[in-house]
Structures are given as C-alpha cells and as structure tokens.
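Here's the structure, in structure tokens; my notes come after.
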C-alpha cells in the first residue's frame, strides 16, 4: 500500500503492535517465510547491524521485557542491585520467547551486559552468541585497525552460523540500505525538532523501535510514510517547552514515561533512546573495503554516549551541548535507569557542562517497568514551568 | 575499651613498611621532583611506570585504606551530596569524597595532584568513567590503554596486537613526555624478571591451600599475600624479598601442620569447613567479617579475589623475553576480564582441586564487574561439583551496606547446609 493512503494512526497501529509483542511475531513470520532464514538478536547500544543484514539474517533489537512482563526467573541470575534489562532479557530467554533466535550479539555497553553475554553462552549453548567489543581508542591506525579485524571475526562467526559466505558486495548493499535508513531517521528527527507538535516523541519512539525489529527496506518506506502522514495531521501547537532527553541509551523507559513528560508540557526535540541505528552520524562509504568503511565511520563519526571514552577532557559533554543548541532545546532531562553505571557516572560531567553552557536540566532515574508516573509528571511539569518563567 | 591491635606476621610488617615508603614517595613529590601517576590494580603497568621513575598511586587502594580506617562512609556521603549517584561504585565515591575533605594520605600528608592518569582499562567499565571524573579534577594527561574483554573465553592475536600497539604508540611516548625519561626496554626486562620471581613464590604460597590443615587463608590472609604484587611493587627487589619471606613463613606452618595466624594471634588449626570464595571482601568491617569465618571453623582455601590482578596460578608469568606482549597478556588475563563461563570453569576447578566444601559468593553491591551474574555462577558451580553454594551481599567501602547480623545468619545457615550434605541429607545437587 502506498504511503499516500496511510494515516499516522495506521502506521502507529503497526509500530505499537510490534512494540508490545514480546513473542516477536513479525520476526517469527519473517523467518518462516523462506527456508533457511535466520534471526540474530542484538542488545543496545551499538552493533553493526549491516553485517547481520549482509549475512541474510534479520537483525532483531532486544530491549528487555519492558513494563508488560513480570520477571520471575530472571531474578535468579542477577542479584538485587542491578538494572532491570538483563533480568527481563533472561526472562525472555527462559520463557522461550526467543527460541527462534539463532544468534545473539552483546555489544560493549557496561559490565552488566558484558557478563550477560557469558550467561547466554551458559544458558543457551546452542545459540551462536558473540560479545562484540568496539574500540575505545579512536586513532584510525590503532583502534581502527583493531576494529576492522573484529569485524572480520564477526563476519566469520556469522558465516559459520548461516553456512554461507558474505561478500563485500553483500555488505556494501546492506550499508547502502542502512545509509538510507539513517538519512530518513535524521529527517524524522529534524522534522520533529522543527514541528514537535506534529511528531510527538511517544510516536517517534515506537516508530524507531519498530525499525529495529523489521526488514530495513520496509522500515525505510514506513519512515517516508510517517513523515508524509504526520505533516498533514491537524494537531494544535501547545505552549510547551522544548527539551532534550539524555541518559536513556540502554534500558528503555516505559512508553508511559515518555507520554507523561509530554503531558507535563514538554516537547521532546532530541533524545538518545535506542541509539542503534543512529549511532553512526553520517553515511558509511559504499565504495572500497566495506569493513574499513564501517570501522572508520565508527571511529570518526559516531555519537558521544556514556559507553564511550572521550579522549579529550576539554570537550567532554560538549557533544550534548552542541546537540541541545542544534535542535533548539531549552533544557535537558537527564533520565537514566537505576543502577546504570555508564549514565550515572557520566551524569555529573555532562550536567556540569550543561551548567557551564547555561542550559537548565533536571535528572531522575527510572526502570523499564516503572509504574508511578505522577512524580515524573510533577518533576517534568515543574521543570517546564521554571523554564517558561525564568529562562 | 579500645579494640586490641591485630597480631601481624613479619611479612605483614614488611609490607606495611613498603606501603608507608610508597605513600612517603607520593606525598614528597614536590621535594623529590618525582612524577606521580594514578592507576588501577587490575592490569596495572607497574614495571613500565618504574622505567620512567614514576611513583604509582592507586585510588582503589586509597579507598580500601579509607574503608579500613572507617573514613570511607563520610567520603561517600560527601560525594553523593555533590551529585554522585547512590547506585555507583563506592571506591569512586570514596576517592572523590576524599578530595573534597583535603585529600589526606594515610601518612597525614596531602596527596599531590597526579602528573598522569594511567588508565589501564581491564575488566571494569567503571575505571573509564572514574578517570574521566579525575581528569576533570586534576586537568592532567590521561593515557588510555584499552584492553578488550575476553568475551569468547580466550584472547586473540588481534587483541594482543591492539594492546601492544597502544603501548608503543600511546602509553610509552606519553610516559616519556610526562617524565622526561627515555624508555629503556632492558630496564623493563629486568623488572619483569623480578616480577616472575615474585610470582613463582606467590603461586607456591597460594597452592598450599590444598593442604590439610590449610596453612593459609586465601581470602582474608590472601589480601595481604597479593598486596605487593598487585600494587606498586611488582617488579621491585622489595617484592622479590617479600615473597621469599612469605614463602618461608608458610613453609614453617606447613612443617608444623599449622593453620594461618588470625588477627588475634592464634593459629587457626581447627578447620571444619574449607571454602572457595568469589568476589572482593568488605573493607569497612574487614576484621569482624574475617572473625565470622574462623569462629565457625571456616578457612578459605582459594579465592577469585586473589586473581583480580593476575591469574598467575594458571601459568602466566611476566616474560622478559617478550616484554610488551607479556604486559598485554597480563592485562588480558586478569580475573574480571574473563567471561563468565571461564570464571565458572575456574571456580569449579578450585572446588575440586582444593577439596573444598563449596563456593561462597560475597556479592558486592556496587561492583558490577565482579557481581553481575554471580547467582548464575553459583548455580553452575553447584551443578558441576555437587557441592553447595551460598550467597551473601555486602559492599566494598560503604558501611551502610554491611549488615553483620544478616551476613552471620547466612554463613551459619551455609555451614549447617554443608554439615547436612556431609551426612548425606538435604536436597541432592546433580553433578554434570
């Protein structure tokens, strides 16, 4: 069906269904549609999903169990002072919701996700699983060289799992499709920053999450359809303040939390939710060695987030200040999951930088199953009022 | 009435004097002109730093010192007041809080600002952010050595090459610049030779835990045994002498069929339970914690904490013939840089080889590197060995998270469980 005929409600119905579907029906159907198809799950924050795609597999974003799933078995693996995403991911595993997944990639995020990769190996020895370590040295000849070889090893692992070779042209084609995906995503974000009343974040968020669970070409079309439909929506512009949300790159907040912030009088004009397909900020070259192209883009043009080292202390946090200015936000909500080492250790440094730049901020913690939204609404509402009154 | 002083063995006295000398070297940098680095315990490059005459200061050790002197609680509260989360590593907060309270070293003199932050990023994510936070405070150069995690259970040539390249192109030139001293690889080789000698003796001492009675406590006593080799002394002549002395002390106990010395000065011979312990100890209540074990007749015969700064008992030695590659292998092989299946293999092996009654996990509230997933470790080791495991939760240096009554209760229950198992009762665990 052409995008011209699709309404925002139609698109949102599909995205919402995928967002809520903890049985991953789309991915199961995709796999069953052709014999030999395989699905590879990946956790936040960044994996080169082009490689999974080039292997002929469906890359499936695993973001924990959200607020719809009770964690029963997961608590038997992680002790009490740990964020919730590993427990609910284990819960997804032990309740057979991921029994169709052929491989899992655990990228570098923090010690918890790192250790989860080992738990997966112990619990599901028949699933190909890989801890994927990205470099913290950003010199092309050092970190770049290491990263290219890691990509080679990832490629070999995928080839062994699927039983088919991945050619350079396969990777280039996948890079091209994901370049388009990234370009369209940037367009959606720019559209939202310009007219946030037409593209509420509660919609944009599920639109992005759906993209990490479906065929990339289908998502590219969906993004085009959404922009076409959203621009025609008749939605009133409210007297809201424009805010950016940072600190939420791994364990995601419940959708109601995002809605509560919006209902409290905030337009979210930038965020770091589910960064995976926005991690690289520019197109990856489609000529030359594709692994070098992926590595160099990661080294030179990826986002600054808490699971990365910032080599130059003088610019620490400047990325966030620049992003706030670029999207015209009036303040920042630093919202992070409880027990999230990367975000919580980063928080004082990033917030200091915001203060130096005269950008107001507030900070709070959440869990993927947080249920009490009243305090969030009050905090966000008070923050919005203070910006209106004093900034 | 004041608490009686702990009884110390000659090797402990020697170590105390070595640590005091190092603190004096750190705090007198303005008089001596020596440069000071801050660095971490796992994956530290002590031999390399010594090649540049750089004194080695370890924020983790300073936090431990503060914990044992009951000062860390106040420092942590201070850091939390300034915006640090209650959820994160308490070593970090103790270190940062200490800065705002004058940053006084154990010798009563103020710590000078470091000249370089040597960030050897091995097996703990927090290290990276900790040094970003310190860099903000000290505004000094930070040299990052990124050590990849052994996620697939082994290191690769790519990982090793990456580390060696960083050593050659980032770390060594950086240290030359900070110190003004030119790198001399033969000097490094000599330090590595010393390291290997000390490592041989450390391994011999740790392996005596296989004897009955065990002449060592490989957790509470083990903390002292690893002190010099894991910190500012690996590669020094002092460390070589220390481990020769330690070996003689342990040999004397083996000959006399004696257990280790407790802080109260008694030989712990009546050993009813032999345990493997996983995870770091609690430092704020260290002596009280230790007493809970020997009062019940529990001796720790092997631990993972004594491997956090290097897995020497599995064969690794610093190698003067391949100096930089050897440093890379050392960093890669530190305990928390190993993936969970490897850790399970190692702990199950310890249970068997040391003829232990089971595995006790001290899960640390604020240390995800060690703790995330430890319940799985416990279950797997139980399954493989058929011997019971137990789980207690404390913290590194935050006194708010040490509940003596809870820990004691759990330990007592665990010992009852072991007794039951010995009598052939209780639920059966299926061995692999």
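Residue numbers (this note's numbering), protein chains in the order written: chain A, 1 to 391; chain B, 392 to 823. Backbone N, C-alpha and C fix where the C-beta goes; we use that ideal spot for every residue, glycine too.
Boundaries of the alpha helix (DSSP H) in which residue i is found, first to last residue
| i | result |
| --- | --- |
| residue 219 of chain A | 216-232 |
| residue 375 of chain A | 374-390 |
| residue 595 of chain B | 576-598 |
| residue 175 of chain A | 168-194 |
| residue 14 of chain A | 8-20 |
| residue 830 of chain B | Outside the modelled stretch of chain B, which goes from 392 to 823, sits residue 830 of chain B, for which no answer is possible. |
| residue 643 of chain B | 628-646 |
Option in the options with minimal Cα separation from residue i
| i | options | result |
| --- | --- | --- |
| residue 370 of chain A | A:270, A:45, A:251 and A:35 | A:251 |
| residue 5 of chain A | A:378, A:173 and A:227 | A:227 |
| residue 59 of chain A | A:142, A:209 and A:375 | A:209 |
| residue 729 of chain B | B:601, B:702 and B:771 | B:702 |
| residue 338 of chain A | A:273, A:247, A:290 and A:314 | A:247 |
| residue 65 of chain A | A:101, A:22 and A:103 | A:22 |
| residue 828 of chain B | B:541, B:627, B:592 and B:542 | Given a span of 392 to 823 for chain B in the structure shown, any question on residue 828 of chain B remains unanswerable. |
| residue 331 of chain A | A:89, A:285, A:375 and A:390 | A:390 |
| residue 676 of chain B | B:405, B:460, B:399 and B:410 | B:460 |
| residue 661 of chain B | B:753, B:572, B:687 and B:519 | B:687 |
| residue 518 of chain B | B:442, B:560, B:430 and B:493 | B:430 |
| residue 760 of chain B | A:117, A:253 and A:26 | A:117 |
| residue 673 of chain B | B:788, B:745 and B:762 | B:788 |
| residue 329 of chain A | A:285, A:70 and A:196 | A:196 |
| residue 824 of chain B | B:590, B:610, B:683 and B:621 | Because residue 824 of chain B is not part of the residues shown, which for chain B are 392 to 823, the question remains open. |
| residue 324 of chain A | A:206, A:361 and A:299 | A:361 |
| residue 242 of chain A | A:184, A:200 and A:285 | A:200 |
| residue 527 of chain B | A:314, A:113 and A:40 | A:314 |
| residue 55 of chain A | A:161, A:258 and A:380 | A:161 |
| residue 438 of chain B | B:425, B:804, B:407 and B:576 | B:576 |
| residue 531 of chain B | B:570, B:765, B:501 and B:514 | B:570 |
Residue range of the beta strand (DSSP E) that includes residue i
| i | result |
| --- | --- |
| residue 726 of chain B | Unbroken run through residue 726 of chain B: none, as it is neither H nor E. |
| residue 605 of chain B | It is not in any beta strand (DSSP E) - residue 605 of chain B carries neither H nor E in the DSSP assignment. |
| residue 335 of chain A | 331-337 |
Residues sharing a beta bridge with residue i, DSSP
| i | result |
| --- | --- |
| residue 535 of chain B | B:510 |
| residue 541 of chain B | B:729 |
| residue 197 of chain A | Residue 197 of chain A pairs with nothing; no bridge assigned. |
| residue 354 of chain B | Nothing can be reported for residue 354 of chain B: it is not among the residues displayed for chain B, which extend from 392 to 823. |
| residue 404 of chain A | Residue 404 of chain A lies beyond the residue range present for chain A, which begins at 1 and ends at 391; the question has no answer from this structure. |
| residue 265 of chain A | According to DSSP, which records beta bridges pairwise, residue 265 of chain A is partnered with nothing at all. |
| residue 89 of chain A | DSSP lists no partner for residue 89 of chain A. |
| residue 784 of chain B | B:754 |
| residue 430 of chain B | B:509 |
| residue 104 of chain A | A:41 and A:129 |
| residue 365 of chain A | A:336 |
| residue 60 of chain A | A:41 |
Residue i CB to nearest heavy atom of the ligand MN below 6 Å
| i | result |
| --- | --- |
| residue 461 of chain B | No copy of the ligand MN appears in this structure; indeed no ligand is present at all. |
Inset, instruction - Taking 8 Å as the threshold, find out whether the stretch 593-612 of chain B comes into contact with the stretch 648-660 of chain B through three or more Cβ pairs. - result: Taking 8 Å as the limit for Cβ pairs, the verdict is that the stretch 648-660 of chain B does touch the stretch 593-612 of chain B.
Legend entry - Cβ contact check for the stretch 345-359 of chain A and the stretch 460-476 of chain B: 3 or more pairs under 8 Å: Pairwise C-beta distances place the stretch 345-359 of chain A in contact with the stretch 460-476 of chain B, as three or more of them are shorter than 8 Å.
Inset, instruction - Check each residue of the stretch 755-782 of chain B: if its Cβ is closer than 8 Å to any Cβ of chain A, include it; give the result in chain order. - result: Identification of residues in the stretch 755-782 of chain B having a C-beta nearer than 8 Å to some C-beta of chain A yields 756, 757, 759, 760, 762, 763, 764, 765, 766, 767, 770, 771 and 782, given in sequence order.
Inset, instruction - Assess, as a yes-or-no matter, whether the stretch 296-313 of chain A is touched by the stretch 329-346 of chain A under the definition of 3 or more beta carbon pairs within less than 8 Å. - result: At 8 Å Cβ cutoff, the stretches touch.
Inset, instruction - Could you please tell me which residues of the stretch 148-171 of chain A, in chain order, have their CB closer than 8 Å to any CB of chain B? - result: Residues 149, 150 and 153.
Legend entry - Proximal residues, the stretch 666-694 of chain B versus chain A, C-beta separation under 8 Å: Result list empty, no residue passes.
Legend entry - Touch test, the stretch 579-594 of chain B against the stretch 663-671 of chain B, Cβ-Cβ under 8 Å, three pairs minimum: In this structure the stretch 579-594 of chain B does not lie against the stretch 663-671 of chain B, because fewer than three pairs of beta carbons, one per stretch, are closer than 8 Å.
Inset, instruction - Could you say if the stretch 777-787 of chain B and the stretch 740-754 of chain B meet the contact criterion of at least three C-beta pairs nearer than 8 Å? - result: Per the Cβ contact rule, the stretch 777-787 of chain B is in contact with the stretch 740-754 of chain B (3 or more Cβ pairs under 8 Å).
Inset, instruction - Determine contact between the stretch 286-296 of chain A and the stretch 262-272 of chain A, defined as no fewer than three beta-carbon pairs at a distance below 8 Å. - result: The stretch 286-296 of chain A is not in contact with the stretch 262-272 of chain A.
Legend entry - Chain-ordered residues of the stretch 468-491 of chain B with a beta carbon less than 8 Å from chain A: For chain A, the residues of the stretch 468-491 of chain B that bring a beta carbon within less than 8 Å of one of its beta carbons are 473, 474, 475, 476, 478, 479, 480 and 483, in chain order.
Legend entry - the stretch 541-556 of chain B touching the stretch 394-414 of chain B, judged by at least three CB pairs closer than 8 Å: Flag = no, the stretch 541-556 of chain B and the stretch 394-414 of chain B do not touch.
Inset, instruction - Determine which residues of the stretch 99-114 of chain A have a Cβ less than 9 Å from any Cβ of chain B, and write them out in chain order. - result: Taking 9 Å as the Cβ-Cβ cut-off against chain B, the residues of the stretch 99-114 of chain A that qualify are 106, 108, 109, 110, 111, 112, 113 and 114.
Inset, instruction - Decide yes or no for the touch test of the stretch 38-52 of chain A against the stretch 160-176 of chain A: beta carbon pairs closer than 8 Å, at least 3 of them. - result: Yes, since at least three Cβ pairs between the stretch 38-52 of chain A and the stretch 160-176 of chain A fall closer than 8 Å, the two stretches touch.
Legend entry - Cβ pair count under 8 Å reaching 3, the stretch 275-286 of chain A against the stretch 488-495 of chain B: Result no; under three Cβ-Cβ pairs closer than 8 Å.
Legend entry - Residues of the stretch 715-733 of chain B whose Cβ lies closer than 7 Å to any Cβ of chain A, in chain order: Answer in chain order: 730, 731 and 732.
Inset, instruction - Count the C-beta pairs between the stretch 534-543 of chain B and the stretch 448-463 of chain B that are closer than 8 Å, then say yes if the count reaches three, no if not. - result: Because the criterion of three Cβ pairs below 8 Å is not met, the stretch 534-543 of chain B and the stretch 448-463 of chain B do not touch.
Inset, instruction - Report yes or no: do three or more beta-carbon pairs, one from the stretch 211-219 of chain A and one from the stretch 176-186 of chain A, lie closer than 8 Å? - result: As far as the Cβ criterion goes, the stretch 211-219 of chain A touches the stretch 176-186 of chain A, which means the pair count is three or higher.
Inset, instruction - Taking only beta carbons into account, state which residues of the stretch 560-587 of chain B come closer than 9 Å to chain A, listed in chain order. - result: Answer in chain order: 560 and 561.
Inset, instruction - Taking 8 Å as the threshold, find out whether the stretch 96-104 of chain A comes into contact with the stretch 70-79 of chain A through three or more Cβ pairs. - result: Too few Cβ pairs lie closer than 8 Å, so no.
Legend entry - Near-chain B residues of the stretch 73-98 of chain A - C-beta to any C-beta below 8 Å: Going along the stretch 73-98 of chain A in chain order, one finds 76, 77, 78, 79, 80, 81, 82 and 86 with a Cβ nearer than 8 Å to chain B.
Inset, instruction - Count the CB pairs spanning the stretch 690-702 of chain B and the stretch 730-743 of chain B that are closer than 8 Å, and state whether there are at least three. - result: Here the stretch 690-702 of chain B lies against the stretch 730-743 of chain B, with 3 or more beta-carbon pairs under 8 Å apart.
Inset, instruction - Note down, in chain order, all residues in the stretch 336-348 of chain A with a beta-carbon under 8 Å from any beta-carbon belonging to chain B. - result: Cβ contacts with chain B come from 338, 339, 340, 341, 342, 344, 345, 346, 347 and 348.
Legend entry - Under 7 Å (Cβ pairs) to chain A, residues found in the stretch 493-522 of chain B: Taking 7 Å as the Cβ-Cβ cut-off against chain A, the residues of the stretch 493-522 of chain B that qualify are 512, 515, 516, 517, 519 and 520.
Legend entry - Segment contact, 8 Å Cβ cut-off, at least three pairs: the stretch 147-154 of chain A with the stretch 554-565 of chain B: Put simply, the stretch 147-154 of chain A does not touch the stretch 554-565 of chain B. Fewer than three CB pairs are less than 8 Å apart.
Legend entry - Within 8 Å of chain A by C-beta, residues of the stretch 528-542 of chain B in sequence order: Answer set for the stretch 528-542 of chain B: 530, 533, 535, 537, 539, 540 and 542.
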